[in-house]
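Given below as structure tokens:
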């Protein structure tokens, strides 16, 4: 019978034995190959011993610090990351934010959840102008791979002129009846106000095609905004044929909510943007600003320091700064070297120490107005139809609310929708929000609701909510010193998110120009004056 052979074992077919001569030849070849390898290794070792090794490190990364994680800071980081491939050296971006989350000045110090329940979505402190996205901002977001799920914003807005509301209209896609009622109330003023706002809006939209600019003066000139900025509202209203009736009943309320100021104290440019917002400016909704900024930041490869206080900065030389900061849970300061620093928050000189020198062109501390936000819940929608009949209502501040200081005589109330309170048994509540110039106490809310008791109340104060945009106000610098930039300069034109996004892009362009222009000298400086040679950044800060 045939024997089964294992396929894994070699067989000697035919009974032949290997040649002894061939075996000796193969062994000799193997010895020669091994000797050659050892010889080559010996030669390489000798060469490496002879050639001196350079003591200079490779190209050090550029390090950029951004103080503030609001729209301007986030978009600066995002665009700087897009430009980093052309810098010739690696780039490290550090963002320092004193709050526990991104979002800027509108964001509470720590997340606020309805009923204190972390399973509820965090509350967003956004005004009407921030609650929806402009077309320009959605175009910007596409450049960073962020595409909000947009939908038509069909909320209705009630303007309350007397004891009850006289006008209700959607923010967009207004019904024929709504437009007819507007025309009956205000004639051609509604359309003229809309046209006035659209003209300014078209100028602002040209911002996306501008080259990198060194000053806000260049921005105003390129967009032809000088005349509007210097105009007073009465001149703008008269020039555009808008009636005093429409101004008093609609525009004044919008100005108070959008800017926290009386109409007469603002520029014609601010008036035109409020006119735009009053009609078509909130035509798209697509998620809150905080979540959008988080998505932009996620693709920017940054080191984010939350709940971190920046103590101050110190100039080392023309290319180096020391930034001192204090991390959460620590009692001592930390310091680090940076090639450039962006001040991406409203400038308050008392909150940022500049040691051993003053800035060459100090940022202008703009004047801001505060805003107070109050959230409350009710077990059912308010039945006070004179106060809360619509999604969003703009009313005169009730006379029984005392005011600590002169302030616009309007407040905004918004129904944010139902939510389920997580308890047994589960209970549906309705969430409301009030924007006001002053703090609102519990008793004032109860009186506003005709005696109804809110089941839950929370508050948030924004000390630097809106810049004062007086006619012909000064224009702050963008470049404050060698490698120090200030995004807040653009707020002399307006505090719209779209403007902040452009400013972030513009400053990223200025930084890239600076680093590329000085890259050869900077590389030489880094070889001869590296961070270890400069010493400890903390010692430099404390010295």
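Numbering (UniProt numbering), first residue to last: 1 to 543. Virtual Cβ for every residue (Gly too), placed ideally from N, Cα, C.
Is it true that the CB of residue j sits closer than 9 Å to the CB of residue i?
{"i": "residue 213", "j": "residue 368", "result": "no"}
{"i": "residue 72", "j": "residue 473", "result": "no"}
{"i": "residue 590", "j": "residue 268", "result": "Given a span of 1 to 543 for the chain in the structure shown, any question on residue 590 remains unanswerable."}
{"i": "residue 322", "j": "residue 540", "result": "yes"}
{"i": "residue 457", "j": "residue 375", "result": "yes"}
{"i": "residue 435", "j": "residue 372", "result": "yes"}
{"i": "residue 428", "j": "residue 379", "result": "yes"}
{"i": "residue 289", "j": "residue 124", "result": "yes"}
{"i": "residue 186", "j": "residue 240", "result": "no"}
{"i": "residue 67", "j": "residue 352", "result": "yes"}
{"i": "residue 339", "j": "residue 63", "result": "yes"}
{"i": "residue 538", "j": "residue 333", "result": "yes"}
{"i": "residue 270", "j": "residue 410", "result": "no"}
{"i": "residue 469", "j": "residue 251", "result": "no"}
{"i": "residue 300", "j": "residue 74", "result": "yes"}
{"i": "residue 348", "j": "residue 324", "result": "no"}
Taking buried to mean at least 16 other C-beta atoms within 10 Å of its own C-beta, is residue i buried or exposed?
{"i": "residue 90", "result": "exposed"}
{"i": "residue 400", "result": "exposed"}
{"i": "residue 23", "result": "Bear in mind that a pLDDT of 48 at residue 23, under 50, signals an unreliable position, so the model cannot answer this."}
{"i": "residue 317", "result": "exposed"}
{"i": "residue 183", "result": "exposed"}
{"i": "residue 489", "result": "buried"}
{"i": "residue 119", "result": "exposed"}
{"i": "residue 85", "result": "exposed"}
{"i": "residue 330", "result": "exposed"}
{"i": "residue 328", "result": "exposed"}
{"i": "residue 453", "result": "exposed"}
{"i": "residue 130", "result": "Low confidence applies to residue 130: its pLDDT is 46, below 50, so where it sits in the model is not reliable, and the reading given next is rough at best. With 16 or more Cβ atoms within 10 Å of its Cβ, residue 130 is classed as buried."}
{"i": "residue 310", "result": "buried"}
{"i": "residue 502", "result": "buried"}
{"i": "residue 200", "result": "buried"}
Between which two residues does the alpha helix (DSSP H) containing residue i stretch?
{"i": "residue 400", "result": "Counting along the chain, residue 400 falls outside any alpha helix (DSSP H), and DSSP gives it neither H nor E."}
{"i": "residue 186", "result": "176 to 186"}
{"i": "residue 205", "result": "189 to 205"}
{"i": "residue 542", "result": "537 to 542"}
{"i": "residue 355", "result": "Per DSSP, residue 355 belongs to no alpha helix (DSSP H); it is in the beta strand (DSSP E), 353 to 355."}
{"i": "residue 443", "result": "442 to 448"}
How far does the beta strand (DSSP E) with residue i in it reach, from first residue to last?
{"i": "residue 374", "result": "368 to 378"}
{"i": "residue 328", "result": "Looking at the DSSP string, residue 328 is not in any beta strand (DSSP E), and its letter there is neither H nor E."}
{"i": "residue 508", "result": "First-last for residue 508: 497 to 517, but that is the alpha helix (DSSP H), not the beta strand (DSSP E)."}
{"i": "residue 315", "result": "309 to 315"}
{"i": "residue 431", "result": "427 to 436"}
{"i": "residue 297", "result": "Where residue 297 is concerned, there is no enclosing beta strand (DSSP E), although the alpha helix (DSSP H) it sits in stretches over 289 to 298."}
Any heavy atom of the ligand HEM closer than 8 Å to the CB of residue i?
{"i": "residue 537", "result": "Of ligands this structure carries none, so the ligand HEM is not represented either."}
From the DSSP output, which residues share a beta bridge with residue i?
{"i": "residue 413", "result": "393 and 434"}
{"i": "residue 563", "result": "This structure leaves residue 563 out entirely; the chain is present only between 1 and 543."}
{"i": "residue 342", "result": "66 and 485"}
{"i": "residue 336", "result": "323"}
{"i": "residue 304", "result": "95"}
{"i": "residue 553", "result": "As shown, the chain starts at 1 and ends at 543. That puts residue 553 outside it, with no answer to give."}
{"i": "residue 479", "result": "485"}
{"i": "residue 466", "result": "369"}
(request) Taking only runs that begin and end inside the stretch 52 to 127, name each unbroken beta strand (DSSP E) of 3 or more residues, in chain order. (result) List check, beta strand (DSSP E) in window: 62 to 67 and 91 to 96.
(request) Enumerate, from N- to C-terminal direction, the unbroken alpha helix (DSSP H) stretches of 4 or more residues contained entirely within the stretch 215 to 267. (result) If we require 4 residues or more, the alpha helix (DSSP H) runs fully inside the stretch 215 to 267 come out as 216 to 223, 226 to 230, 233 to 239 and 252 to 259.
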